[in-house]
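In the working numbering, the protein residues as written are 1 to 40.
Backbone N, C-alpha and C define an ideal beta-carbon position, used for all residues, glycine too.
Here the structure is a predicted model, which is why all the values come from computation and not from measurement.
Data first, discussion second: the structure below is written as structure tokens.
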């Protein structure tokens with residue numbers, strides 16, 4: 001894997017981790033069913 005692909009993979013992994021954190025926080029607040037999360 002070249003350096004560019006390694007950096008891209010790390011960025012995707014970090015984004016996935018942070019989306020998980022966001023969803024968990026919304027779930028813990030009890031508002032998951034009333035929430036729409038958009039990524040543009």
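Whole-angstrom distance between residue j and residue i, CA atom to CA atom
i, j, result
"residue 26", "residue 14", "19 Å"
"residue 6", "residue 12", "10 Å"
"residue 24", "residue 38", "16 Å"
"residue 33", "residue 17", "21 Å"
"residue 9", "residue 3", "10 Å"
Secondary structure of residue i, DSSP reduced to three states
i, result
"residue 28", "helix"
"residue 7", "helix"
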